[in-house]
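Student: Got a structure for you, written out below as structure tokens; questions coming shortly.
Residue numbers (my numbering), protein chains in the order written: chain A, 1 to 111; chain B, 1 to 118.
Right, dumping it as structure tokens:
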């Protein structure tokens, strides 16, 4: 079983749509959670951290359910520029900084 | 914001040669840097953790004699792919955390190195 699992997609949605991505992680000792965005052939870039209480950044909302070991990302009012691969990332306990990446979910927003 | 510079961004080499990739933290100090590898349509996989002034910690299945890591200063880590083969062709990415930030703060990524071994 993968440590971080995501549906690879692709998700093809029209502009303005709302789309949700899910992610599950296997290690209950995981401490920190992030969503990164990766454009084709580029390095990943931090989209947002995910907090237990849930958090929102503009059109993006992230949720964490520790009991179910489940993370989600909601994108509202999709833009063409949102087209990318979204990586669910988990950091294990301790100060190691070691990140475990999911395979990524590809989003394609169409006009 | 913090910047991590990785060089070269792209390299093509012949089978059997060695390639060195540099990762620099430009405006912060990093006692620890991380080296990842990403094959097409796959997730980033951690190869090793580079520790300033000491030996790197390699993940299971990563050959330490093939992927040499040196972290001689607080701002520079290098990864050398020795005796490269076509199967080593991949996207190599380094990342680092600001020494002064908490352990769960996000990492800063370099722009990656696309290695092609012919």
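Note that CB positions come from ideal geometry on N, CA and C, so glycine has one too.
1) Run the CB neighbour count on residue 65 of chain B, radius 10 Å, all protein chains shown included, and call it buried at 16 or more, exposed below.
2) Where do the ends of the beta strand (DSSP E) carrying residue 23 of chain B lie?
3) Rounded to whole angstroms, what is the Cα-Cα separation between residue 67 of chain B and residue 84 of chain B?
4) Taking CB distances under 8 Å as the criterion, tell me whether residue 78 of chain B reaches chain A.
5) In this structure, what does DSSP give as the bridge partners for residue 40 of chain A?
6) Which chain A residues sit within Cβ distance under 8 Å of residue 67 of chain B?
7) Can you pull out the residues from the region 32-45 of chain A whose beta carbon lies closer than 8 Å to at least one beta carbon of chain B?
8) Would residue 28 of chain A count as contacting chain B if we go by Cβ distances under 8 Å?
9) Residues of the region 45-77 of chain A with a CB closer than 8 Å to any CB of chain B: list them in chain order, please.
10) Give me the residue from A/10, A/109 and A/26 with the minimum Cα distance to residue 76 of chain A.
11) Which chain A residues sit within Cβ distance under 8 Å of residue 100 of chain B?
12) Can you give me the C-alpha to C-alpha distance between residue 91 of chain A and residue 5 of chain B, rounded to a whole angstrom?
13) Which partner residues of residue 60 of chain A appear in the DSSP bridge assignment?
14) Let me make sure I understand the geometry here. Which of B/108, B/116 and B/82 has the alpha-carbon closest to that of residue 32 of chain B?
15) Closest to residue 32 of chain A by CA distance: which of A/60, A/20 and A/88 is it?
16) Could you tell me the distance, in whole angstroms, from the CA atom of residue 88 of chain B to the CA atom of residue 12 of chain B?
17) Just list the residues that DSSP pairs residue 108 of chain B with in beta bridges.
18) Would a C-beta distance cut-off of 8 Å place residue 26 of chain A and residue 3 of chain A closer than the cut-off?
19) Consider the Cβ of residue 112 of chain B: report whether some Cβ of chain A lies at a distance smaller than 8 Å.
20) Quick check: is the beta carbon of residue 39 of chain B nearer than 8 Å to any beta carbon in chain A?
21) What does a CB cutoff of less than 6 Å around residue 70 of chain B pick up in its chain, not counting 5 residues either side in sequence?
22) Does residue 8 of chain B come within less than 8 Å of chain A when only Cβ atoms are used?
23) Identify every residue that forms a DSSP beta bridge with residue 119 of chain B.
Tutor: In this structure, then:
1) exposed
2) 19-25
3) 10 Å
4) No, because no Cβ of chain A sits closer than 8 Å to the Cβ of residue 78 of chain B.
5) DSSP, once it has assigned bridges, lists no residue as partnering residue 40 of chain A.
6) Chain A residues near residue 67 of chain B: none, gap ~17 Å exceeds 8 Å.
7) From the region 32-45 of chain A, only 32, 34, 41, 42, 43, 44 and 45 have a Cβ closer than 8 Å to chain B.
8) no
9) Residues 45, 46 and 49.
10) A/109
11) Correct list: empty, because the minimum Cβ distance to chain A is about 13 Å.
12) Distance between the alpha carbons of residue 91 of chain A and residue 5 of chain B is about 23 Å.
13) DSSP, once it has assigned bridges, lists A/57 and A/75 as partnering residue 60 of chain A.
14) B/108
15) The option with the nearest alpha carbon to residue 32 of chain A is A/88.
16) 11 Å
17) B/96
18) yes
19) yes
20) Residue 39 of chain B does not count as touching chain A.
21) 78
22) no
23) Residue 119 of chain B cannot be examined here, being either before or after the span of chain B that is shown, 1 to 118.
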